[in-house]
Structure formats: structure tokens, C-alpha cells
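**Student:**
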Amino acid sequence: MLANPRTWQVLSTVALVVFIVALVATSPVAGWGWWALVLSGVLFAVEWFVRLRGRDGGRAG
């Protein structure tokens, strides 16, 4: 089940949304919102990298 790319996409998106909401909701200072944006960008970049690597590996194999 976890090998399905769609499952990974859904799980990563849900985890990212929950993370951002929790971080902003518990943030003592508004500046933490910027950290949430930066981290979300990093997580999306990692997700795309992993997805593209998996797709390329599937074609090669």
C-alpha cells in the first residue's frame, strides 16, 4: 500500500497541512509562520525529488 505514489502524495500532503496548522496555532510569535513556509517548501521539494527518482527508476527498470 505504501509503495503507491498516490498514497505517499496524500500522506505527505496531510502531514504537511497538519504540521503547518499546528506550528502556526502554537506559535508564540508571528515570525514562526515564516519557518512554517520554509519547512513546507523544503518538504515539498523533497517529496518531488523522491517522486521523480521513483518515476525514473520505474522507467529504467
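Numbered as in the working numbering, the sequence shown ends at 194 without a single skipped number.
Just so it is clear, CB atoms sit at the ideal spot from N, CA and C, and this is done for glycine as well.
Taking the C-alpha atoms as reference points, what is the distance between residue 147 and residue 156?
**Tutor:** In the sequence shown, the residue the question calls residue 147 occupies position 14. In the sequence shown, the residue the question calls residue 156 occupies position 23. Going from the Cα of residue 147 to the Cα of residue 156 covers about 14 Å.
**Student:** Starting from the C-beta of residue 185, find all residues in its chain whose C-beta is less than 7 Å away, skip the five residues before and the five after it, and write them out in chain order.
**Tutor:** For the purposes of this step, residue 185 is taken as the residue at position 52 of the sequence shown. Once the five neighbours on either side are set aside, residue 185 has no close Cβ partner at all.
**Student:** State the Cα-Cα distance for the pair residue 176 and residue 167, rounded to the nearest angstrom.
**Tutor:** Reading the sequence shown from its first residue, position 43 is the one you call residue 176. Reading the sequence shown from its first residue, position 34 is the one you call residue 167. Each residue's alpha carbon lies about 14 Å from the other.
**Student:** Pull up the distance between the alpha-carbon of residue 154 and that of residue 173, whole angstroms please.
**Tutor:** Stepping through the sequence shown from its first residue, residue 154 is reached at position 21. Stepping through the sequence shown from its first residue, residue 173 is reached at position 40. Cα to Cα, residue 154 sits roughly 11 Å from residue 173.
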